[in-house]
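Start counting the sequence shown at 18; every next residue gets the next number (the working numbering).
Please read the structure below before turning to the comments.
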Amino acid sequence: MSDFEAGISPLFTESEISNRVEALGRVISEAYAGQELVLICVLKGSFIFAADLARRIRLPLRIEFFGVQSYGAQTSSSGVVQITLDLAHPIEGRHVLIVEDIVDTGLTLSYLSEQLRARGPKSLKICALLHKPARMQRAVDIDYLGFTIDDVFVVGYGLDHAERHRNLPYIGVLTATP
Ligand code: 5GP
C-alpha cells in the first residue's frame with residue numbers, strides 16, 4: 018500500500034462504485050425520459066460522483082455547481098451553511114437533481130433543498146452517493162441513493178479529510194490520521 022493510502026481501510030472498490038453509479042444513471046434516465054435535467058453538483062465532495070453520474074445519464078443535461086460550507090461546529094448543528102459559490106443560471110421551471118456526496122445529519126441537505134426550492138424549480142430531487150442513517154437529525158428524502166453505510170468517517174472518490182484523500186479512486190474508512 019502506498020503512502021497516500023496509509024490509514025485508510027477500503028470500503029467500496031472502484032468497480033462496486035462504478036456499477037452502482039451506472040445503475041443510478043439508468044434509473045434517473047428512465048425517470049426523466051423526454052425531459053431536460055439540471056444536475057446540481059454540491060462542491061467540493063460531489064465533483065467526482067457528479068462527473069461519473071452525468072456520463073451515465075442519457076438525457077439532455079445541464080450541470081451547475083453549488084458551493085457550500087458549514088459555519089463551524091456550533092452552527093453546523095443548526096444546519097446553517099454558507100453559500101461559497103452560487104449557481105450560474107436560474108433554475109426556475111426546471112427539473113433539478115441535487116447531487117450530494119454524503120448525507121450524515123441531513124442538516125446541510127435540508128438547508129440546501131429549502132434554498133433551492135425557493136427558486137421555483139419545476140421539480141427538485143436528491144441523489145446522494147452515501148447515507149449514514151445512524152446520525153440523521155433532520156429527515157431528508159433521498160430519491161436516489163448509492164450506498165447506506167455505518168457511522169464511520171469515509172474518504173476518497175471526492176470525499177476529503179482536511180482536504181486530503183479526494184483523489185483516492187475508491188471509498189475507504191479513515192482509521193488513522195497522520
Ligand atoms: P450533514 O449536514 O448531512 O451532517 O453533512 C453533510 C456533509 O458533511 C457532507 O456533504 C460532507 O461534506 C460531510 N461529511 C459527513 N460525513 C462525512 C464522512 O464520513 N466523510 C467525509 N469526508 N465527509 C463527511
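For glycine and all other residues, C-beta sits at the position ideal for the given N, C-alpha and C.
Nearest-angstrom Cα separation, counted from residue j out to residue i
i, j, result
"residue 103", "residue 28", "33 Å"
"residue 145", "residue 98", "18 Å"
"residue 51", "residue 77", "9 Å"
"residue 93", "residue 126", "A caution first: residue 93 carries a pLDDT of 41, below 50, which makes its placement in the model too unreliable to give a value."
"residue 53", "residue 111", "8 Å"
"residue 148", "residue 120", "5 Å"
"residue 60", "residue 85", "7 Å"
Closer than 6 Å: residue i CB and nearest ligand 1 heavy atom
i, result
"residue 235", "A query on residue 235 cannot be resolved here, the shown segment of the chain reaching from 18 to 195 and no further."
"residue 124", "yes"
"residue 170", "yes"
"residue 146", "no"
"residue 176", "yes"
Any chain E beta carbon closer than 7 Å to residue i
i, result
"residue 171", "Given the protein chain composition of this structure (a single chain), no chain E is represented."
Nonlocal neighbours in the same chain, by C-beta distance under 7 Å from residue i, ignoring five residues either side
i, result
"residue 108", "55, 133, 136 and 138"
"residue 49", "76 and 112"
Sequence-distant residues of its chain with Cβ nearer than 6 Å to residue i (five each side left out)
i, result
"residue 183", "175 and 177"
8 Å CB neighbourhood of residue i in its chain, flanking five on each side removed
i, result
"residue 44", "161"
Sequence ranges, beta strand (DSSP E) only - wholly within the region 53-104, length at least 3: 54-60, 78-87 and 98-102
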